[in-house]
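A short write-up of the structure that comes next.
Numbering (this note's numbering), first residue to last: 5 to 343.
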C-alpha cells in the first residue's frame, strides 16, 4: 500500500483550534467483515488490532470526567470487539448518546443475530454505510452480495422501530462517491435515497450523510496507483470553502485509536498524526482525566481540504448545502477515477 502522508504533510491549510470537547470517536479495532475500496482505515477480516477491556474502561472514565455528551463507536466493525455490548451499556447508563458506525452486513454475521435488538433496546443511534441505492454500485465498491445483506439489515432495523420518528430510534445512512469526485449535494441526494429505498425495498431512515472520500490509506493508495492522486488533491483544494472551517468536526471531537492514543480526527489517526493535549508527544485517554483539550491546536495537512471542499464533509455529513455549492460540485468532476 502506498503511503500518502509524504504527499499531504506540506500544506497551507489554515490553522484551527479546538473548542470544548463534546464527542469521543472511539475506534474499537480495525477488524471488519468487509474490505471496502473507499475505507480510509484499511479495515479487513485479516486485521487483528482490538481495544482491550482496560482501555474501554478508561473511555468510560473520560466520558464521566469530561462530561462528554456523545460516544461515536467506529472500526473496522466496532461490534466485533468482544467488549462492545458492555461498553454501550456503560455509556448509556451515564446518559451518553451512543452512535454505532454499522456496516449493516454485521447484523447477519454468525453470533450477531441479536445485535439489532440489542441496539434498539439500548437506544443506540445507528449510522450505517450504504454508498448507493443501486445494487451494482454497492457491490462494486464493497463486495458481491453486500447490497442484498445491507437491505436485509435495514429491514431488520426498521422492524424494530428504527427510521420511525415516533419510536425515537435514529437510523442514518452514509453515502460515499464511487471514485475521486465530490459527493453531490446532500439534500437532493437524501430525497432520492428515501424515494428509491421506500419504493423498491420498503426501507425508511432518518438522514443521509454525504461524505467525501479522503486521500488516505486504501483509497489514497489506489489514487496513487492510478496516477490520479494529484488531480484529486487539486479538486479538493480548488473546492475549498472558508465558511466550512467553523463547523469541521475536529473542533469539538477527539479520535481515539484502539490503544487509547488521541488524534484530532479519524483521518489523522490513520496518518499517525497525534493530537496536541497536555503537551504530551503521545497524548492518551488518561491525559484527558486531568487536562481539558479546549483551545489546543489541531494538526492539519493537505487532506483537511477534503472536509472543507464544496458542501463540506464530516462524520455528521455535509457542513452546508446552499444552491451555490450544488453548482460547484456538479461542475468539478474527474473523469478518470477509481473503480
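In this text, a Cβ means the ideal position worked out from N, Cα and C, and glycines have one as well.
Computed from a predicted structure; not experimentally measured.
Beta-bridge pairing by DSSP links residue 244 to 313. Taking C-beta separations shorter than 6 angstroms and ignoring five residues to either side along the sequence, the partners of residue 35 in its chain run 51, 80, 84, following chain order. Taking residue 299 as reference, the option from 23, 69, 5 with the minimal CA-CA separation is 23. Under the criterion of beta carbons closer than 8 angstroms, residue 103 and residue 131 qualify as touching, at roughly 6 angstroms. For residue 92, the enclosing alpha helix (DSSP H) has its first and last residue at 88-97.
Around the beta-carbon of residue 199, fewer than 16 other beta-carbon atoms lie within 10 Å, marking it exposed.
Look at residue 131 here: in three-state DSSP terms it is strand. Residue 109 is bridged by DSSP to nothing; it lacks a bridge partner.
In the DSSP annotation of this structure, residue 288 is not part of any alpha helix (DSSP H), being labelled neither H nor E. For residue 205 against residue 167, the beta-carbon gap comes to about 12 angstroms, at or over 8 angstroms, which does not count as contact. Residue 207 is not a Cβ neighbour of residue 21, given a cutoff of 8 angstroms. Between the stretch 224-233 and the stretch 248-264 there are fewer than three inter-stretch CB-CB distances shorter than 8 angstroms, so the stretches are not counted as touching.
Taking residue 25 as reference, the option from 189, 66, 244 with the minimal CA-CA separation is 66. When C-alpha distances from residue 178 are compared across 322, 14, 184, the shortest belongs to 322. Residue nearest to residue 203 within the set 316, 138, 64, 296 is 138 (criterion: CA-CA distance). With 16 or more other Cβ atoms from the protein chains shown falling within 10 Å of its own Cβ, residue 135 counts as buried.
In the three-state DSSP reduction, residue 60 falls in the helix class (H, G or I).
For residue 78, the enclosing beta strand (DSSP E) starts and ends at 74-78. Within the same chain, and ignoring the five residues on either side of residue 120 in sequence, the residues whose Cβ sits closer than 7 angstroms to its Cβ are 111, 160, 161, 164. Of the residues assessed, residue 95 falls on the buried side of the cut-off, its CB having 16 or more other CB atoms within 10 angstroms. About 5 angstroms separates the Cβ atoms of residue 268 and residue 279, confirming a contact at the 8 angstroms cut-off.
Contact between residue 184 and residue 216 fails: their C-beta atoms lie close to 10 angstroms from each other, not under 8 angstroms. Residue 207 is bridged by DSSP to nothing; it lacks a bridge partner. A direct Cα-to-Cα measurement between residue 122 and residue 54 gives close to 21 angstroms. Here DSSP, grouped into helix, strand and coil, assigns residue 270 to helix.
Closest by C-alpha distance to residue 289, out of 30, 93, 12, 18, is 30.
Less than 8 angstroms divides the Cβ of residue 244 from the Cβ of residue 309.
Here residue 277 carries a coil assignment [DSSP, helix/strand/coil]. In the structure shown, residue 224 adopts helical secondary structure according to DSSP, grouped into three states.
The three-state secondary structure of residue 230, taken from DSSP, is helix. Rounded to the nearest angstrom, the Cβ distance from residue 62 to residue 28 is 11 angstroms, too far for a contact under 8 angstroms. Secondary-structure assignment with DSSP links residue 180 through no beta bridge to anything. The DSSP-derived three-state label of residue 214 is strand. For residue 162, the uninterrupted alpha helix (DSSP H) run begins and ends at 150-163, by DSSP.
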